[in-house]
Amino acid sequence: MKSVRIPGPNEKLKVVESETPKPQDNQVLVKVKAVGVCHSDLHLWEGGYDLGDGQFMKVTDRGVKYPVTPGHEIVGTVEDIGSNVSGISRGDQVLVYPWIGCGVCPACKVGNENLCDTPKSLGVFQDGGYSDYSLIPHSKYLAKLDGVDPESATSLACSGLTAYTAIKKSNQNSPEFLVIIGAGGLGLMGVQIAKAITKAKVICVDLDDQKLETAKEMGADFILNSKDPETSKKIISICNNKGADSVVDFVNAPPTAKLGLAVLRKRGNLVLVGLFGGSIEMSLVTIPLKSIIIQGAYTGNYTDMVELMDLARKGVINPMISKRYSLDDANAALEDLKARKILGRAVINP
């Protein structure tokens, strides 16, 4: 089979040929139709995350071993199955749940494998979908498409799933006003999900007017360009001069985190999602005085993914695929993503 692998941090991806694996026991071999190009792939390629103050967290310190085949948003057709597989047949079109855990830690025991203490995620800690075939460890990580568009479904395994989890967390205080920071692939999905599962008026903030117009088309009630120095004042004004009930930051960089804190009302809820990185200083006394909640959101569990697929199946959400690449163009795909040249999501079609 043909795969694209990352030899090491910041090294050019290489196309390699290897023997197509034969699934055993509970394993399933999926012929990849499309795999999403995600910012997490960029972090894997770059070797880690910016922690701010000159600190850098290496992915190798988290257990990543190079070379590795990236790609965790995998859609394809079941090519072959192991002897113990049931409920899945050859020819089924499936979306792969990539956030595989150890199965024994506290998170895994309650079905939250995405929060596993020692994760084994596809495309991160084990080879993923930048390949024409992907070996899935167990059939329980597959969900049948049943009418969901295959390319659109890719984002439901990561960016869409992350957005869904984040919006659910932001809805815990039944917000009247919800601010979404970032109108990239995550943010645009977040706007659609927020309009589908909350009763909030959605305010979307970004640096790019074109992306903001797309957010408006997808249901945002208000759009604001954060280049405007009056952005925080305008948000507070829209929110009846009280501030936002909830803020979801799909960028999570120092300027956006500061904006989120600045516009949050008393008893507000800030959900940090993006992995842009960096650090901020905050006034600690304001946290208890305002009784605000600051929490993170990282992907979601298998049940969340199935729920999200149902929303897509009903046409409530429509993931945007704007660019398509071949395996040979994987380097260009990551370069374009890094340069912010992709509106919505991009996929690789092996």
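Start counting the sequence shown at 1232; every next residue gets the next number (the numbering used here).
Cβ coordinates follow ideal geometry from the N, Cα and C atoms, glycine included.
Since the structure is predicted, the reported quantities are computational estimates derived from the model, not experimental observations.
Could you compute how far the alpha carbon of residue i sits from the alpha carbon of residue j?
i     : j     : result
L1574 : S1314 : 42 Å
D1440 : P1460 : 15 Å
V1266 : L1346 : 22 Å
R1282 : S1510 : In the sequence on display, residue 1282 carries Leu and not Arg. Straight-line Cα distance between these residues: approximately 6 Å.
P1329 : Y1372 : 7 Å
R1544 : K1375 : 11 Å
L1501 : D1437 : 17 Å
G1527 : V1479 : 10 Å
G1531 : F1481 : 15 Å
A1425 : I1412 : 13 Å
K1245 : F1408 : 46 Å
C1339 : I1331 : 9 Å
T1429 : S1405 : 7 Å
T1487 : P1350 : 29 Å
L1273 : L1565 : 6 Å
I1466 : T1396 : 24 Å
Please name the residue, chosen from the options, that lies closest to residue i on a Cα-to-Cα basis.
i     : options                    : result
G1263 : G1342, Q1357, S1317, P1381 : Note that residue 1263 is Val in the sequence shown here, rather than Gly. Residue P1381 is the option with its Cα nearest to V1263.
V1299 : Y1328, G1359, R1321, H1270 : G1359
M1536 : L1392, K1289, K1371, I1312 : L1392
V1316 : P1368, V1247, K1432        : P1368
G1307 : K1296, S1320, L1244        : S1320
N1580 : D1292, K1458, T1385        : T1385
R1555 : N1549, D1567, L1539, G1546 : D1567
R1571 : I1518, Y1533, F1507, K1473 : F1507
Under a Cβ-count criterion, where at least 16 other Cβ atoms within 10 Å of its own Cβ denotes burial, should residue i be classed as buried or exposed?
i     : result
V1379 : buried
L1515 : exposed
C1269 : buried
C1333 : exposed
D1284 : exposed
E1242 : exposed
N1402 : buried
Could you pull the start and end residues of the beta strand (DSSP E) that residue i belongs to?
i     : result
V1479 : 1475-1480
Y1556 : 1552-1556
T1308 : 1305-1312
D1437 : 1432-1437
L1366 : 1364-1367
Under the DSSP definition of a beta bridge, which residues are partnered with residue i?
i     : result
G1283 : Q1286
R1576 : I1552
I1237 : V1299
E1248 : K1233
Along the chain, where does the alpha helix (DSSP H) that runs through residue i open and close?
i     : result
D1535 : 1533-1544
Q1423 : 1416-1428
N1562 : 1561-1569
K1458 : K1458 -> no alpha helix (DSSP H), and no H or E assigned at all.
L1392 : 1390-1401
G1491 : 1485-1494
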